[in-house]
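Working notes, beginning with the structure itself.
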Amino acid sequence: MNCPSCNATLICVLESRHTGKNVISRKRQCKICGYKWPTAEITCPPIASVAGRHWGSFKVRDELVDELVKDVEASKAEASTRAEALEKEVATLKEQLDWLPGKGGFGAR
Ligand SMILES: [Zn+2]
Numbered sequence: 002m003n004c005p006s007c008n009a010t011l012i013c014v015l016e017s018r019h020t021g022k023n024v025i026s027r028k029r030q031c032k033i034c035g036y037k038w039p040t041a042e043i044t045c046p047p048i049a050s051v052a053g054r055h056w057g058s059f060k061v062r063d064e065l066v067d068e069l070v071k072d073v074e075a076s077k078a079e080a081s082t083r084a085e086a087l088e089k090e091v092a093t094l095k096e097q098l099d100w101l102p103g104k105g106g107f108g109a110r
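For reference, each letter of the sequence shown is one residue, going 2 to 110 in my numbering.
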């Protein structure tokens with residue numbers, strides 16, 4: 002794993018917690034730039050051993066990792082869209098509040 006900020010590989014785990022029935026979450030920190038980020042560890046189905054390769058049952062299938070990364074990216078995009086919608090809603094509500102009597106808006110004298 003590389004640091005998402007500077008791409009260094011010198012990383013340490015600051016904290017590990019069981020955050021779900023099948024999930025362990027870790028807080029990691031880059032030893033080079035100090036950036037901190039969360040990771041999650043889940044159980045994956047084992048893959049068949051490949052002759053001559055030592056990864057065998059240890060390595061997680063590349064397709065599975067690609068799928069997980071896509072899901073995480075989609076979730077991030079969805080969260081960003083929701084956050085933008087909420088910010089717009091808050092701005093609209095603030096505008097409406099400015100128009101309430103006694104708040105310095107319309108009708109306030
Ligand atoms: Zn870094």
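Even for Gly, the Cβ is constructed at its ideal location relative to N, Cα and C. In this text the structure is predicted, and so the values were computed from the model without any measurement.
Which partner residues does residue i have in the DSSP bridge list?
i: Ala41; result: Ser26
i: Arg18; result: Ser26
Relative to ligand 1, is the shortest distance from any of its heavy atoms to the C-beta of residue i smaller than 7 Å?
i: Cys45; result: no
i: Ala9; result: yes
i: Cys4; result: yes
i: Cys31; result: yes
Could you give the distance in angstroms between the alpha-carbon of residue i and the alpha-carbon of residue j?
i: Ala9; j: Trp38; result: 14 Å
i: Ala75; j: Glu68; result: 11 Å
i: Ala109; j: Asp99; result: Low confidence applies here, because Ala109 scores a pLDDT of 49, under 50, leaving its location unreliable and the question unanswered by this model.
Compare the Cα-Cα distances from residue i to each of the options and report the closest residue.
i: Ile43; options: Ile33, Val61, Lys32, Gln30; result: Val61
i: Cys13; options: Leu98, Asn3, Pro102; result: Asn3
i: Ser17; options: Thr40, Asp99, Glu64; result: Thr40
i: Cys7; options: Asp63, Val24, Gln30, Val66; result: Gln30
i: Tyr36; options: Pro46, Val73, Leu15; result: Leu15
i: Lys32; options: Pro5, Asn23, Val24; result: Pro5
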